[in-house]
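In what follows, a single structure is set out as structure tokens and then discussed.
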Amino acid sequence: MNIIPVVSIVLEVVIALLALVAAFRGKAYILGFVITFGIYVYYDLAREYSWAVSENLLSVGFLVATVTALVSMIFLIRKN
Numbered sequence: 068m069n070i071i072p073v074v075s076i077v078l079e080v081v082i083a084l085l086a087l088v089a090a091f092r093g094k095a096y097i098l099g100f101v102i103t104f105g106i107y108v109y110y111d112l113a114r115e116y117s118w119a120v121s122e123n124l125l126s127v128g129f130l131v132a133t134v135t136a137l138v139s140m141i142f143l144i145r146k147n
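In short: position in the sequence shown from 1, add 67, done, that's the working numbering.
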């Protein structure tokens, strides 16, 4: 078993949790990063453990993750 994907998934979970804490502390625009990294975790787990998930669902999820990160970045830039 390759440890690198597992480390990556753990780091994605940590980032999602930290973003969730920031969102609850009044930075609602950070919720996009919670969604993004939550989807990344699901995507990576599905790939790493060969879950029976359609490629279309994974592709749409990855697109949603990218769009929510983009929207969060726009709000973050406008905020500063």
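Idealized CB from N, CA, C, for every residue including glycine.
These numbers come from a predicted model, not from an experiment.
- Counting along the chain, Arg92 sits inside no alpha helix (DSSP H), nor does DSSP assign it H or E at all.
- Within a 10 Å sphere around the beta-carbon of Thr133 sit fewer than 16 other beta-carbons, which makes this residue exposed.
- Taking the Cβ atoms as the reference, Phe100 lies roughly 5 Å from Ser139, within the contact range of under 8 Å.
- In this structure the segment 103-120 touches the segment 77-95; the number of beta carbon pairs closer than 8 Å is three or more.
- With a contact defined as Cβ atoms closer than 8 Å, Ile70 and Val108 miss out at about 17 Å.
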